[in-house]
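What the sequence shown shows, in the UniProt record's numbering, is residues 1 to 252, in sequence order.
Below is one structure, written out as structure tokens, with a few remarks after it.
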Amino acid sequence: MNRDKRTDGREARERRQKRDDRDQKRERGRRSRSIAIASKREKARERERSAKAKARESSSKSKGALDRRQPGLSSSAKFIAHKQWVVAAANDMFIRVCNYNTMDKVKVFDAHTDYIRCVVVDPTLPYVLSSSDDMLIKLWDWEKGWVCTQIFEGHSHYVMQVTFNPKDTNTFASASLDRTIKAWIELYRKMKCIERDSEIWNLGSPDPNFTVDAHLKGVNCVDYFTGGDKPYLITCSDDFECHFNETLEKKM
């Protein structure tokens with residue numbers, strides 16, 4: 001009887017030992033797998049860090065090359081054919097003028113305090129207009145060394161575009177994200193106001209000339225309708241609409 005008990009006790013200890021051995025083996029296996037997984041993850045993270053570092057280095061080199069070749073992203077450019085010039089505006093707030101035959105720089109100057117959206121050339125006079133996110137329109141005279149001879153104020157948001165009236169180059173229009181279009185007088189002249197919601201002023205005034213609340217959202221572009229004898233301004237907007245707006249000449 002005692003021998004049977006001793007045998008049973010020994011077998012029980014052996015079973016416990018085998019169970020403990022299996023548990024330890026499983027635990028070692030789990031640890032090994034965890035270490036292997038952690039190692040793989042660390043290697044993956046290291047590869048990712050290395051790839052990002054290479055990408056940053058490549059981007060830095062590319063940016064450096066871009067900075068040397070093109071200091072700002074061009075937003076608008078116009079030809080001045082009789083001068084053989086190209087006038088280009090950029091997001092670095094500079095206007096650049098170069099000879100398109102020789103590619104020589106004619107003039108580079110700081111024009112605005114925010115992104116420049118548009119430049120247009122007066123078809124008859126030595127003037128260039130520029131409009132900007134600083135909400136200003138500026139008139140530049142290249143015969144006077146590209147000095148700013150006039151600043152037009154009145155918009156309360158980015159001025160997206162300016163355009164000369166092809167039938168009267170003394171006037172121009174502007175479109176803005178403040179939802180309005182404005183007609184401006186480039187040269188000094190007296191005009192009377194007919195409509196209550198219209199404002200007229202001469203070149204020396206810092207205030208707007210003639211304003212139309214054209215759209216429900218920002219106005220991105222404006223152009224003059226030249227067909228027929230009806231004085232219309234065509235506008236398009238973020239409200240997904242295109243409008244034909246009657247201009248001041250028709251109202252006066």
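We put the beta carbon where it would ideally sit given N, CA and C, even for glycine.
- Nearest C-alpha to Phe-164 among Tyr-158, Ser-156, Glu-11, Ala-173: Ala-173.
- Taking the CA atoms as reference points, Ala-214 sits about 6 Å from Arg-179.
- In this structure, the straight-line span from the alpha carbon of Tyr-224 to that of Asn-170 is close to 14 Å.
- The stretch 106-121 and the stretch 150-157 do not touch, with fewer than 3 CB-CB distances between them shorter than 8 Å.
- Here the alpha carbons of Arg-41 and Ala-175 stand approximately 55 Å from one another.
- Its chain contains no residue whose beta carbon lies nearer than 8 Å to that of Ser-39 once the 5 sequence neighbours on both sides are disregarded.
- Val-86 places its beta carbon 8 Å or farther from that of Ile-95.
- Out of Gln-161, Ile-185, Ser-237, the CA that lies nearest to the CA of Met-135 is found in Gln-161.
- Collapsing the DSSP output to three states places Trp-140 in a strand.
- Taking Thr-226 as the centre and dropping the five residues before and after it, the same chain places the C-beta of Pro-166 closer than 6 Å to its C-beta, in chain order.
- Look at Gln-84 here: in three-state DSSP terms it is coil, with no helix or strand label.
- Secondary structure in the stretch 157-188: the beta strand (DSSP E) runs of 3 residues or longer, each lying completely within the stretch, are 159-165, 168-176, 180-185 in chain order.
- With a cutoff of 8 Å on beta-carbon distance, Trp-142 and Cys-148 are scored as not near each other.
- Closest option to Pro-126, judged by alpha-carbon separation, among Lys-138, Lys-144, Ser-132: Lys-144.
- When rounded, the separation of the alpha-carbon atoms in Ala-183 and Met-93 is 24 Å.
- Under the DSSP definition of a beta bridge, Thr-235 partners with Val-222, His-243.
- Counting along the chain, Asp-213 sits inside the beta strand (DSSP E) bounded by residues 210-213.
- Going by beta carbons, Ser-132 and Ile-151 fall outside the 8 Å limit.
- Exclusion of the five residues before and after Ile-80 leaves Val-87, Val-121 as the residues of its chain whose Cβ lies within less than 7 Å of its Cβ.
- Counting the other CB atoms within 10 Å of its CB gives Lys-138 a total of 16 or more, which places it among the buried residues.
- Residue pairing by DSSP puts Tyr-127 in a beta bridge opposite Asp-141.
- In the DSSP assignment, Lys-107 falls within the beta strand (DSSP E) that extends over 105-110.
- In the DSSP assignment, Thr-113 falls outside any beta strand (DSSP E), carrying neither H nor E.
- For Lys-18, the three-state secondary structure derived from DSSP is helix.
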